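Protein chains in written order, with our numbering: chain H, 3 to 113; chain Y, 43 to 156. Here the structure is laid out as structure tokens; the discussion comes afterwards.
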Amino acid sequence: SQKIEQNSEALNIQEGKTATLTCNYTNYSPAYLQWYRQDPGRGPVFLLLIRENEKEKRKERLKVTFDTTLKQSLFHITASQPADSATYLCALEANDYKLSFGAGTTVTVRA
Amino acid sequence: NAGVTQTPKFQVLKTGQSMTLQCAQDMNHNSMYWYRQDPGMGLRLIYYSASEGTTDKGEVPNGYNVSRLNKREFSLRLESAAPSQTSVYFCASSAGGQGLYEQYFGPGTRLTVT
Chain H
3 SQKIEQNSEA LNIQEGKTAT LTCNYTNYSP AYLQWYRQDP GRGPVFLLLI RENEKEKRKE
63 RLKVTFDTTL KQSLFHITAS QPADSATYLC ALEANDYKLS FGAGTTVTVR A
Chain Y
43 NAGVTQTPKF QVLKTGQSMT LQCAQDMNHN SMYWYRQDPG MGLRLIYYSA SEGTTDKGEV
103 PNGYNVSRLN KREFSLRLES AAPSQTSVYF CASSAGGQGL YEQYFGPGTR LTVT
């Protein structure tokens, strides 16, 4: 069956450090993979999209990698700030072309 | 430009009651979605509308019906609410239906069924 797995444990990091989140998938062959941010009590907000032929994508302090051989995406937040504290969701194109979402990883950045 | 709006924000129902969740978008998007989000689980797709006049079942459609009223509006109906439908419901829209298109989400409806 199709499965998307994100870091099961919440991530607690010191301000200024790099947070690295993982998204592993099985039985998908996505052409696209997306990352979203969700704050408590709010809807998810789109952050980045990466295509299967792109190894890496950057946006300000965010970096995403996509390895279709390993079936894995890594999401990095560099020089983290307390305002980066949120839950981060990965989403990928399922076989029927709709998005499937992971359960998310909660990041807390300590000042 | 409000983006995606949902009403109501909160609702408490008794088992067996019915209700309709409303969703509207002002971005001229073709595709609209209804998801539910439960603790520890990802967003699960309930129903999807690729374009005005079409709807398709998602991963968890049982107990729900939808109507794509026009390009802007997509409603979700619970005909006979059950405690298992206690959840947070999100409506979303996108320009197209494939993974190439980012989705814009509403603020959610928190539904409790007792």
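Don't be surprised by glycine CBs; every beta carbon is placed ideally from N, CA and C. What you are looking at is a predicted structure, and each value in this text was computed from that prediction instead of being measured.
Requested in this report: Quick one: using the 10 Å Cβ neighbour count with 16 as the cut-off for buried, is residue 4 of chain H buried or exposed?
Outcome: It counts as exposed.
Query raised in the report: Using the C-alpha atoms, what's the distance from residue 112 of chain H back to residue 14 of chain H?
Result: Going by the C-alpha atoms only, they are around 7 Å apart.
Report task. Measuring only between beta-carbons, confirm whether residue 115 of chain Y sits less than 8 Å from chain H. Result -> Not one beta carbon of chain H lies nearer than 8 Å to the beta carbon of residue 115 of chain Y.
Query raised in the report: Any Cβ of chain Y within less than 8 Å of the Cβ of residue 6 of chain H?
Result: Answer yes: the Cβ-Cβ gap between residue 6 of chain H and chain Y drops below 8 Å somewhere.
Query raised in the report: Taking 8 Å as the CB-CB limit, is residue 30 of chain H close to chain Y?
Result: Judged by the 8 Å Cβ criterion, residue 30 of chain H is not in contact with chain Y.
Query raised in the report: Going straight from the alpha carbon of residue 92 of chain H to that of residue 66 of chain H, what length do you get?
Result: Those two C-alpha atoms are separated by around 11 Å.
Query raised in the report: Counting Cβ pairs closer than 8 Å, one from the region 27-36 of chain H and one from the region 137-148 of chain Y, do we hit at least three?
Result: With the cut-off at 8 Å, the region 27-36 of chain H and the region 137-148 of chain Y touch.
Query raised in the report: Beta-carbon of residue 95 of chain H versus every beta-carbon of chain Y: anything under 8 Å?
Result: Yes - at least one Cβ of chain Y is within 8 Å of the one on residue 95 of chain H.
Requested in this report: Rounded to whole angstroms, what's the CA-CA distance from residue 7 of chain H to residue 79 of chain Y? Just pull it up for me.
Outcome: Those two C-alpha atoms are separated by around 16 Å.
Query raised in the report: If we count the other Cβ atoms within 10 Å of its Cβ and call it buried at 16 or more, is residue 41 of chain H buried or exposed?
Result: Counting Cβ neighbours within 10 Å, residue 41 of chain H comes out exposed, since fewer than 16 surround it.
Query - Candidates H:74, H:25, H:47 and H:32: closest to residue 101 of chain H by CA position - result: Comparing Cα-Cα distances from residue 101 of chain H to each of H:74, H:25, H:47 and H:32, the minimum goes to H:32.
Query - Contacts that residue 147 of chain Y makes with chain H (C-beta to C-beta distance below 9 Å) - result: Listed along the chain, the chain H residues whose CB falls inside 9 Å of the CB of residue 147 of chain Y are 38, 40, 44, 45, 46, 47 and 48.
Query raised in the report: Does the beta-carbon distance from residue 129 of chain Y to residue 63 of chain Y come in below 8 Å?
Result: Contact: no.
Requested in this report: Find the residues of chain H that neighbour residue 90 of chain Y, judging by a C-beta separation of less than 9 Å, and give them in chain order.
Outcome: Residues of chain H with a Cβ closer than 9 Å to the Cβ of residue 90 of chain Y are, in chain order, 100.
Requested in this report: Alpha carbon to alpha carbon, how far is residue 140 of chain Y from residue 95 of chain H? Give it in angstroms, no decimals.
Outcome: Cα to Cα, the separation comes out at about 7 Å.
Query raised in the report: Start and end of the beta strand (DSSP E) containing residue 8 of chain H?
Result: Segment 5-8, the beta strand (DSSP E) holding residue 8 of chain H.
Requested in this report: Using three-state DSSP, classify residue 31 of chain H as helix, strand or coil.
Outcome: Coil at residue 31 of chain H, not helix or strand.
Query raised in the report: Along chain Y, which residues have their Cβ under 9 Å away from the Cβ of residue 51 of chain H?
Result: Chain Y residues near residue 51 of chain H: 141, 142, 143 and 144.
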